[in-house]
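Enquirer: After the structure tokens below, expect a handful of questions from me.
Next comes the structure, spelled out in structure tokens:
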């Protein structure tokens with residue numbers, strides 16, 4: 111039992127071989143490739159997973175994230191994250207997250223990379239913040255559960271994290287969900303495919319998808335109405351549960367403030383009507 115860590119390798123190819131799989135990796139520094147045999151391969155290589163493409167999974171839809179490193183404004187404590195909801199710019203949100211006592215990153219999630227970059231530039235100008243450098247990436251936009259297992263010949267291939275689209279589409283965060291996916295794959299390997307963790311993760315991600323479908327059509331007045339509903343008891347409930355416990359959080363919030371449920375249902379029904387031809 112145990113594990114061996116090999117650094118400086120890049121995945122190249124994967125193919126069925128006998129009762130398992132042979133995969134090749136490139137040695138980045140030394141050059142050349144080396145092959146390894148295994149009965150099971152787990153791909154945790156991001157939204158553009160080469161393991162997934164080689165094993166036959168379709169390409170995931172992705173969303174652009176753009177952000178700029180800026181000097182922190184004088185009125186922002188270094189232990190505080192600031193969020194702006196501006197539906198006319200993005201159906202998601204802007205954020206400003208401190209990285210040090212003097213610097214932070216300000217960014218947004220968009221639907222088109224070029225448009226998101228332009229909107230970020232205009233937002234920086236309005237906030238009178240000077241960009242030090244820009245960063246960009248694409249991350250999966252969860253639309254449905256991605257099967258995490260494929261048979262390739264007599265071998266097994268699994269996907270974890272961004273490679274499997276295991277991202278909360280409310281905030282497009284995937285660190286915690288990726289670790290939960292890894293735990294679920296371990297359970298599936300040990301229990302002949304059964305995993306309570308993967309069942310719970312699928313339920314959680316689908317709940318975030320329902321929330322996103324409602325929020326995606328929020329206008330500014332809807333955000334104002336939602337924030338007005340958050341009294342002290344509701345705020346305490348929000349503080350007691352993380353974003354990765356959406357079911358518990360929503361249940362408590364709707365018990366404390368039933369009008370939140372009505373607001374969400376109205377937005378969800380609006381979203382459904384707008385999707386109809």
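In the working numbering, the protein residues as written are 111 to 387. Beta carbons: idealized from backbone N, C-alpha and C, even for Gly. Bear in mind that the values here come from a model prediction, so they are computed numbers and not experimental data.
Quick test of the definition: if touching needs 3 or more C-beta pairs under 8 Å, does the segment 209 to 216 touch the segment 130 to 140?
Expert: no
Enquirer: Can you give me the Cβ contacts of residue 329 inside the same chain, cut-off strictly under 6 Å, excluding the 5 residues immediately before and after it?
Expert: 197
Enquirer: Where are the beta strand (DSSP E) runs, 3 residues long or more, that stay fully inside the segment 147 to 185, in chain order?
Expert: 150 to 153, 172 to 181
Enquirer: Looking only at C-alpha atoms, which of 127, 140, 128 sits nearest to residue 117?
Expert: 140
Enquirer: When the Cα atoms are used, what is the spatial distance from residue 181 to residue 247?
Expert: So the alpha carbons of these two residues sit roughly 21 Å apart.
Enquirer: Within the same chain, show all residues whose beta-carbon is closer than 6 Å to that of residue 165, passing over the 5 residues directly before and after it, in chain order.
Expert: 260, 262, 267
Enquirer: What is the rounded straight-line gap between the Cα of residue 150 and the Cα of residue 161?
Expert: 12 Å
Enquirer: Is the beta carbon of residue 232 less than 8 Å from the beta carbon of residue 220?
Expert: no
Enquirer: How should residue 152 be labelled, buried or exposed, when 16 other C-beta atoms within 10 angstroms of its C-beta is the threshold for buried?
Expert: buried
Enquirer: May I ask which residues mark the beginning and end of the beta strand (DSSP E) holding residue 240?
Expert: From DSSP, residue 240 is part of no beta strand (DSSP E); its letter is neither H nor E.
Enquirer: Identify the continuous beta strand (DSSP E) that holds residue 132 and give its terminal residues.
Expert: 130 to 137
Enquirer: Count the other CB atoms, across all protein chains shown, that sit within 10 Å of the CB of residue 338; report buried if there are 16 or more and exposed otherwise.
Expert: exposed
Enquirer: Apart from the five residues just before and just after residue 346, which ones in its own chain have a Cβ nearer than 6 Å to its Cβ?
Expert: none
Enquirer: Do you know whose CA, among 145, 114, 112, 115, lies nearest residue 124's CA?
Expert: 145
Enquirer: Give every residue of the same chain whose Cβ lies closer than 8 Å to the Cβ of residue 265, excluding the five residues on either side of it in the sequence, and list them in chain order.
Expert: Around residue 265, the same chain offers 126, 127, 129, 130, 131, 148, 149, 150, 151 as residues with beta carbons nearer than 8 Å, after the five sequence neighbours per side are excluded.
Enquirer: Taking just the CA atoms, how far does residue 187 sit from residue 387?
Expert: Note that residue 387 has pLDDT 48, beneath the 50 cutoff, so the model's placement of it is unreliable and no number is given.
Enquirer: How big is the Cα-Cα spacing for residue 216 and residue 113?
Expert: The alpha-carbon separation between residue 216 and residue 113 amounts to approximately 38 Å.
Enquirer: In three-state terms, what does DSSP make of residue 339?
Expert: coil
Enquirer: Would residue 318 and residue 358 be called neighbours here (beta carbons separated by less than 8 Å)?
Expert: no
Enquirer: Excluding the 5 residues flanking residue 203 on each side, which residues of the same chain have their C-beta closer than 6 Å to its C-beta?
Expert: 193, 195
Enquirer: Which of the three DSSP states is assigned to residue 333 in this structure?
Expert: helix
Enquirer: Would you mind working out which of 340, 325, 321, 332 sits nearest residue 354, comparing C-alpha positions?
Expert: 321
Enquirer: Helix, strand or coil: how does DSSP classify residue 288 here?
Expert: helix
Enquirer: Look at the Cβ atom of residue 191, then the Cβ atom of residue 249, and state whether they are nearer than 8 Å.
Expert: For residue 191 and residue 249, no; Cβs fall outside 8 Å.
Enquirer: Helix or strand or just coil, what does DSSP make of residue 370?
Expert: Helix.
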